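Okay, so here's the structure we're looking at.
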Amino acid sequence: MSKIEINLNINGETVATHAYPMARLLDVLREELRLTGTKEGCGEGECGACTVLINGEIVNSCLVPVAQCEGMEIKTIEGIATGETLHEVQSCFITHGGAQCGICTPGMVIAAVNLLEKNPNPTEEEIRNGLAGNLCRCTGYMKIFESVVEAVQNLKSKI
Amino acid sequence: MRAYLPEFEMITPRSLTDALDLLSRDAGVWQPFAGGTDLMVLFESGKLNHKRFINILPFNELRQIEITNEHITIGGLTTYTQVQSNEILQTEFSMLCRAASETGGQAIQNRGTIGGNIANASPAADSPPALLAYNAEVELISSNGSRWVEYKDFHTGYKQSVMRADELISRVRLRRDTGDWKTYYRKVGTRKAQAISKVCFAGAVKLDGNKIEDVRIAYGSVAPVPLRCVETENFLRGQVLDKTLIQDSRLKIQEEITPIDDIRSTLLYRNNVSANLLEDFLSQAMA
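Protein sequence lines correspond, in order, to chains R and E.
For the first sequence, counting from 1, position 82 maps to 82 in this note's numbering; every step adds exactly one.
For the second sequence, counting from 1, position 64 maps to 1064 in this note's numbering; every step adds exactly one.
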């Protein structure tokens, strides 16, 4: 089999790339497009480190063959900040020590941002549920959880 | 060992008809590929049997939820996220919504499909016990037509089913007749989220006073297939639901299930937990 041309919209830009159809979206992002913010943890959909958004929904990019992404809108961690201005979730991860080794962080941030977009006023349980697919081996989760709680408060006070 | 990418093909046919034609022309060569949450794990570890895949995910006609007075019919490509957000499923088929909410995390639920969960035929899958307890029916389509099969007859052995290589799961149908039944779903795993089950249970019971008029009991991870426990159901049906009956049913269920030791749990633990879950289900129904 040979490579196929794939057209993607990544972080708002149209990109055409060549890849084997069963190449993982994760590898195309990292190896072909050099968007290395997306991490590989387990490679089997257990850890959420490779979380990206496809058409506004979080997915594990290690479980998505790129052939299923033709014409899709993909958002990676590189597309979460606006220029130099961090998203509130990112700022709160910094102030609350929500990131330690950093491998889970891009996935955690994307899951949290997506949660708050869908539900700007989540309960504690909804936050835990929204982050349930993302594993962290450093923080014990509380600092991450507190970062998201703080982001919810800050975003609400901005409205 | 990781899969060697150039050996693999995936195509997206222009229509469902084209996909079914391809499946029937080269039966066994092509494998339907939906959300990929199971297949990609096998792919990554080099354990996929097939080399050629048909991307069926774009076919929206397999993603509809139809509601009539008698049935709710769920398209095979309906994701776990969509299952959870349907109001009829929430109110009348809470066990299925619960199963969908406990399958992986949200990233998996956005991608994984109800048809894929059935076709993958894992005895540890989360939705099959609920589907069994609701007497689900499954529609299989091919270029030669369609047929409905009762879900309890779908799985024939470990990862085996009545589905032919040229068929797709198009719809799953549930009869809306369990509104006044008491139901209980519980998945027991290593952690609360993102775990594969050690034991999974779904039970539904219809009481007439203190008597069991009808009962359905199903398990995951305790047999080579998702298991409907007909013998225990027959034992319970028509009996007065009391503590003695519950204790007797603990023994009965352990005769009917055939769990094994594996990486997730042990035979002994699964036997005990299976009996505990049945007891909890019946005790809550009695209360």
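Even for Gly, the Cβ is constructed at its ideal location relative to N, Cα and C.
Just so we're clear, the structure is a prediction, and the values are computed from it rather than from any experiment.
Cβ-based contacts, 7 Å cut-off: residues of the stretch 8-30 of chain R near chain E: Legend: CB atoms of the stretch 8-30 of chain R lying less than 7 Å from CB atoms of chain E belong to residues Tyr20, Pro21, Met22 and Ala23.
Any 3 or more C-beta pairs closer than 8 Å across the stretch 1219-1233 of chain E and the stretch 1116-1128 of chain E: For the pair of segments examined, the stretch 1219-1233 of chain E was found to touch the stretch 1116-1128 of chain E: the number of CB pairs separated by less than 8 Å reaches three.
Three-way DSSP call (helix, strand, coil) for E:Glu1009 in this model: Within the second sequence, the letter at position 9 stands for residue 1009 of chain E. Reduced to three states, the DSSP call for E:Glu1009 is strand.
Near the ligand HEM: E:Asp1208 beta-carbon under 7 Å from a heavy atom: Inclusion of the ligand HEM in the displayed structure is not the case, the ligand content being empty and no account of it being possible.
Chain-ordered residues of the stretch 57-74 of chain R with a beta carbon less than 8 Å from chain E: From the stretch 57-74 of chain R, only Glu57, Ile58, Val59, Asn60, Cys62, Leu63, Val64, Pro65, Ala67, Gln68 and Glu70 have a Cβ closer than 8 Å to chain E.
Sequence-distant residues of its chain with Cβ nearer than 8 Å to E:Glu1233 (five each side left out): As a position in the second sequence, residue 1233 of chain E is number 233, starting the count at 1. If you ignore the 5 residues before and after E:Glu1233, its C-beta comes within less than 8 Å of the C-beta of Val1215, Arg1216 and Ile1217, all in its own chain and listed in chain order.
Reduced DSSP category for E:Tyr1004 - H, G, I as helix; E, B as strand; rest coil: Position 4 of the second sequence holds residue 1004 of chain E. Looking at E:Tyr1004 - three-state DSSP - the assignment turns out to be coil, as it is neither helix nor strand.
Exposure of R:Cys101, with buried meaning 16 or more beta-carbon neighbours within 10 Å: Position 101 of the first sequence, counted from the first residue, corresponds to residue 101 of chain R. Exposed, by the Cβ-count rule.
Under 7 Å from the C-beta of R:Thr228: neighbouring residues of chain E: There is simply no residue 228 of chain R to check, as chain R begins at 1 and stops at 159 in what is shown.
Nearest-angstrom Cα separation, counted from R:Tyr20 out to E:Pro1006: Taking the second sequence and counting its residues from 1, one reaches residue 1006 of chain E at position 6. Taking the first sequence and counting its residues from 1, one reaches residue 20 of chain R at position 20. Those two C-alpha atoms are separated by around 6 Å.
Strand pairing of E:Val1199, partner residues [DSSP]: Residue mapping note: residue 1199 of chain E aligns to position 199 of the second sequence, counting from 1. Answer is E:Val1188, bridged to E:Val1199.
Where R:Glu44 meets chain E, residues with beta-carbon distance less than 7 Å: For the purposes of this step, residue 44 of chain R is taken as the residue at position 44 of the first sequence. For R:Glu44, the C-beta contacts it makes with chain E under 7 Å involve Val1041 and Glu1044, in order along the chain.
Per DSSP, the bridge partner or partners of E:Ala1204: As a first step, residue 1204 of chain E is located in the second sequence; it is residue number 204 there, counting from the start. Within the DSSP bridge table, the entry for E:Ala1204 names E:Thr1183 and E:Arg1216 as partners.
Nearest to E:Asn1060 (by Cα), restricted to the options E:Tyr1269, E:Ser1015, E:Arg1186 and E:Ser1249: For the purposes of this step, residue 1060 of chain E is identified with residue 60 of the second sequence, where counting begins at 1. Minimum Cα distance to E:Asn1060 is reached at E:Ser1015.
Three-state class that DSSP yields for E:Val1029 in the structure shown: Stepping through the second sequence from its first residue, residue 1029 of chain E is reached at position 29. E:Val1029: coil per DSSP, three-state reduction.
Proximal residues to E:Met1163 (C-beta, below 8 Å), its chain only, five neighbours per side dropped: Stepping through the second sequence from its first residue, residue 1163 of chain E is reached at position 163. Ala1119, Leu1140, Phe1154 and Ile1169.
Beta carbon proximity, E:Gly1036 to chain R, threshold 8 Å: Indexing the second sequence from 1 puts residue 1036 of chain E at position 36. Yes, E:Gly1036 counts as interfacial toward chain R.
Contact set between the stretch 77-95 of chain R and chain A, restricted to residues whose Cβ is under 8 Å from the partner: In summary, chain A is missing from the structure at hand, where the protein chains are R and E.
E:Pro1013 versus E:Gln1031, E:Ala1003 and E:Ile1088, residue with shortest Cα-Cα distance: Within the second sequence, residue 1013 of chain E is the residue found at index 13, counting from 1. E:Pro1013 has its Cα closest to that of E:Gln1031, out of E:Gln1031, E:Ala1003 and E:Ile1088.
8 Å Cβ cutoff, E:Gln1194 in contact with chain R: Stepping through the second sequence from its first residue, residue 1194 of chain E is reached at position 194. At least one chain R Cβ lies under 8 Å of E:Gln1194.
Option in E:Pro1129, E:Ser1265 and E:Tyr1004 with minimal Cα separation from E:Glu1102: What you label residue 1102 of chain E is simply residue 102 of the second sequence in a count that begins at 1. For E:Glu1102, the nearest C-alpha among the options comes from E:Pro1129.
E:Gly1105 versus E:Asp1280 - alpha carbon distance: The sequence position of residue 1105 of chain E within the second sequence is 105, counting from 1. The sequence position of residue 1280 of chain E within the second sequence is 280, counting from 1. About 26 Å.
Residues within the stretch 1093-1120 of chain E neighbouring chain R, beta-carbon criterion of under 7 Å: Only Gly1104, Gly1105, Gln1106, Ala1107, Ile1108, Asn1110 and Arg1111 from the stretch 1093-1120 of chain E bring a Cβ to less than 7 Å from some Cβ of chain R.
Check whether E:Gly1076 and E:Arg1171 have beta carbons under 8 Å apart: Stepping through the second sequence from its first residue, residue 1076 of chain E is reached at position 76. Stepping through the second sequence from its first residue, residue 1171 of chain E is reached at position 171. Taking the C-beta atoms as reference points, E:Arg1171 is found nearer than 8 Å to E:Gly1076.
E:Trp1181 burial status per 10 Å Cβ neighbour count (16 or more: buried): Translated into positions along the second sequence, residue 1181 of chain E becomes position 181. Buried, since its Cβ has 16 or more Cβ neighbours within 10 Å.
Limits of the unbroken alpha helix (DSSP H) element including E:Ser1127: Counting from one through the second sequence, the residue named residue 1127 of chain E turns up at place 127. First-last of the alpha helix (DSSP H) with E:Ser1127: Ser1127 to Ala1133.
Listed by chain order, chain R residues near E:Asn1055 by CB distance under 7 Å: Taking the second sequence and counting its residues from 1, one reaches residue 1055 of chain E at position 55. Within chain R, the residues near E:Asn1055 are Ala67 and Gln68.
Same chain, Cβ closer than 7 Å to E:Tyr1080, neighbours up to 5 away in sequence not counted: Residue 1080 of chain E sits at position 80 when you count from the first residue of the second sequence. Contacts found: Ala1100, Thr1103, Gln1109 and Gly1112.
Extent of the continuous alpha helix (DSSP H) to which E:Thr1244 belongs: Reading the second sequence from its first residue, position 244 is the one you call residue 1244 of chain E. Here the alpha helix (DSSP H) through E:Thr1244 covers Lys1243 to Glu1256.
Rounded C-alpha distance that separates R:Cys42 from E:Gly1046: The count along the first sequence starts at 1 and reaches residue 42 of chain R at position 42. The count along the second sequence starts at 1 and reaches residue 1046 of chain E at position 46. Roughly 15 Å separates the two Cα atoms.
Inter-residue CB distance, R:Pro122 and R:Gly133 (contact presumed, cutoff 8 Å): As a working mapping, residue 122 of chain R is identified with position 122 in the first sequence. As a working mapping, residue 133 of chain R is identified with position 133 in the first sequence. In fact, because the Cβ distance is near 15 Å, the residues do not count as touching under 8 Å.
Contacts of E:Leu1005 in chain R (Cβ-Cβ under 7 Å): The residue given as residue 1005 of chain E occupies position 5 in the second sequence. From the beta-carbon of E:Leu1005, the residues of chain R found nearer than 7 Å are Tyr20, Met22 and Ala23.
Residue-level contact to chain E via CB, R:Gly98, 8 Å cutoff: Locating residue 98 of chain R in the first sequence gives position 98, counting from the first residue. No, its Cβ sits nowhere closer than 8 Å to a Cβ of chain E.
Minimum Cβ-Cβ distance from E:Leu1012 to chain R less than 8 Å: Here residue 1012 of chain E refers to the residue found at position 12 when the second sequence is read from its first residue. Note that residue 1012 of chain E is Thr in the sequence shown here, rather than Leu. Chain R, which has a Cβ nearer than 8 Å to the Cβ of E:Thr1012, makes this yes.
Cβ contact (3+ pairs, closer than 8 Å) linking the stretch 1202-1216 of chain E and the stretch 1241-1251 of chain E: Contact between the stretch 1202-1216 of chain E and the stretch 1241-1251 of chain E is present, because at least three Cβ pairs lie under 8 Å.
Cα-Cα separation between E:Ile1260 and E:Gln1160, rounded to whole angstroms: Your numbering for residue 1260 of chain E matches position 260 in the second sequence. Your numbering for residue 1160 of chain E matches position 160 in the second sequence. E:Ile1260 and E:Gln1160: Cα-Cα distance of roughly 18 Å.
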